[in-house]
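S.K.:
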Amino acid sequence: MINVTCAIIFFDNKILVTQRSEKMKLPLKWEFPGGKLENKETEEECIIREIKEEINIDIEIVKKLNESIHSYGTFEIKLIPFVANYLSGEIKLLEHKEYKLLDKSELRNLDWAEADLPIVEELINKYL
Numbered sequence: 244m245i246n247v248t249c250a251i252i253f254f255d256n257k258i259l260v261t262q263r264s265e266k267m268k269l270p271l272k273w274e275f276p277g278g279k280l281e282n283k284e285t286e287e288e289c290i291i292r293e294i295k296e297e298i299n300i301d302i303e304i305v306k307k308l309n310e311s312i313h314s315y316g317t318f319e320i321k322l323i324p325f326v327a328n329y330l331s332g333e334i335k336l337l338e339h340k341e342y343k344l345l346d347k348s349e350l351r352n353l354d355w356a357e358a359d360l361p362i363v364e365e366l367i368n369k370y371l
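Going by the numbering used here, the sequence shown opens with residue 244, and the numbers climb by one from there.
(1) Roughly how many whole angstroms lie between the Cα atoms of Y342 and V260?
(2) Give the straight-line distance between the Cα atoms of K369 and P361, rounded to the nearest whole angstrom.
(3) Taking 6 angstroms as the limit between beta carbons, can you name the residues of its chain near I312, skipping five residues before and five after?
(4) Which term fits R351, buried or exposed, when burial requires 16 or more other beta carbons within 10 angstroms of its beta carbon?
(5) Going by the DSSP bridge assignment, what does H313 pair with across the sheet?
(6) If we call anything under 9 angstroms between Cβ atoms a contact, is E286 one with I323?
(7) Using the Cα positions of W355 and I302, report the straight-line distance between them to the nearest angstrom.
Shown next as structure tokens:
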């Protein structure tokens, strides 16, 4: 099982979502940005580092949501989501193809990576 953190980043009332590139696993699927947990790294340290490395922005963690475990057949991930607020920096995508800032009502309109779907539903139904 691969432990992966992700961030639901708020820019005022909009939520940042990213599209995976053609070269990544699950090409062109939408996701909340994040990455793999490294040895001796806390989940919180991981998501702050990954967002800085992949998107070039600084965030502040607000709260942790429920984890999502999903099997993609050849690999299984435990997705560890955090709600966060944008602090500073200019968005520069280093791995992803595209990003959008969406209202919560627009989240269901995207072709999501399957592990992200329960997080989308939790956001819409419980958190927002």
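Idealized CB from N, CA, C, for every residue including glycine.
M.R.: Concretely, from the data shown:
(1) Their Cα atoms are separated by approximately 6 angstroms.
(2) In a straight line, the C-alpha of K369 is about 11 angstroms away from that of P361.
(3) These residues qualify, in order along the chain: K321.
(4) Exposed, by the Cβ-count rule.
(5) DSSP output for H313 lists I320 as bridge partner(s).
(6) Yes. Within cutoff.
(7) Taken atom to atom, the span from the alpha-carbon of W355 to that of I302 is near 23 angstroms.
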